[in-house]
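J.:
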Amino acid sequence: MIEITNLHKSFGDSQVLRGVDLTVHQGESLTVIGGSG
């Protein structure tokens with residue numbers, strides 16, 4: 139299991155993730171896709 143709490147990510151002045159919490163259990167997959175796909 140992977141657990142993430144309060145994840146933030148920026149590229150320069152652009153904040154792309156803000157306060158993300160998530161849990162990925164064994165056997166699950168996760169993809170994060172932005173506005174430009």
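Under the numbering used here, think of the first position of the sequence shown as 139, with each following residue one higher. Cβ coordinates follow ideal geometry from the N, Cα and C atoms, glycine included. Being a predicted model, the structure only gives us computed values, none of them experimental.
(1) List the endpoints of the continuous beta strand (DSSP E) containing Thr169.
(2) Rounding to the nearest angstrom, what Cα-Cα distance links Ser152 and Gly173 in this structure?
(3) What does the alpha-carbon distance come out to for the pair Leu145 and Leu155?
(4) Helix, strand or coil, according to DSSP, for Gly157 in the structure here?
T.: This is what the structure gives:
(1) Counting along the chain, no beta strand (DSSP E) covers Thr169, and no H or E run does either.
(2) Looking at the two C-alpha atoms, the distance is approximately 13 Å.
(3) If you take the alpha carbons of Leu145 and Leu155, they lie about 7 Å apart.
(4) Shown here, Gly157 sits in a strand according to DSSP, grouped into three states.
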